[in-house]
Amino acid sequence: MKEVNFYKLSETEEELMNVIWEQNRSFRSTELLDFFNREKGKRWKSQTLTTFLTRLVDKGMLDVKKDGRSNVYIPLLSIKEYRKREAQSVLDRMYKGSVRNFLASLYDEKVPPDEMEELKKWFSDK
Numbered sequence: 112m113k114e115v116n117f118y119k120l121s122e123t124e125e126e127l128m129n130v131i132w133e134q135n136r137s138f139r140s141t142e143l144l145d146f147f148n149r150e151k152g153k154r155w156k157s158q159t160l161t162t163f164l165t166r167l168v169d170k171g172m173l174d175v176k177k178d179g180r181s182n183v184y185i186p187l188l189s190i191k192e193y194r195k196r197e198a199q200s201v202l203d204r205m206y207k208g209s210v211r212n213f214l215a216s217l218y219d220e221k222v223p224p225d226e227m228e229e230l231k232k233w234f235s236d237k
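Under the working numbering, the first residue of the sequence shown is numbered 112, with each subsequent residue one higher.
In structure tokens form, the structure reads like this:
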């Protein structure tokens, strides 16, 4: 998978990517338009979907290939990698990249003892 910069996704972009990630395959734009209008109750026009897909291509989440008169969108980043990068972005932005600062903020909110034990075990296993 090619290396991409991390860009936070909008709610709608994430909704689109979740469908693509769940199916773990490439999609034609017409397939996505039909799915979202039929299954998700959207009333999107083709141009609306194309705008979101173009943003996802620009953000490095999807690649696009022409297949006849259709565009085929191919996922470039797995959901696991996206979540990892999103978590790192939050950690960097809000806690200066420090896991300690992050955990301290949780502790200030009084993490339940059972969850604290799970965290301790998780760290000791690393």
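No residue lacks a Cβ here, since even glycine has one placed at the ideal position from N, Cα and C.
Residue burial is scored here from C-beta neighbours: M205 has fewer than 16 other C-beta atoms within 10 angstroms and is therefore classed as exposed. In this structure, Y184 and S235 do not form a Cβ contact; the two beta carbons are roughly 42 Å apart against a cut-off of 8 Å.
Among the bridge pairs identified by DSSP, S181 is matched with D178. If only uninterrupted alpha helix (DSSP H) runs of at least 4 residues are considered, those enclosed by the region 152-237 are 157-169, 190-206, 210-219, 224-236. The alpha-carbon separation between K176 and R196 amounts to approximately 25 Å.
Distance between L230 and Q199, taken at the CA atoms: about 18 Å. Annotated as proximal: G171 and L187, with beta-carbon spacing under 8 Å. Only residues of its own chain outside the window of five on either side were considered, and among them I190 have a CB closer than 6 Å to the CB of W132, listed in chain order. Across the structure, R154 and N148 are spaced so that their CA atoms are roughly 6 Å apart.
C-alpha of Y118 to C-alpha of D203: approximately 14 Å in a straight line.
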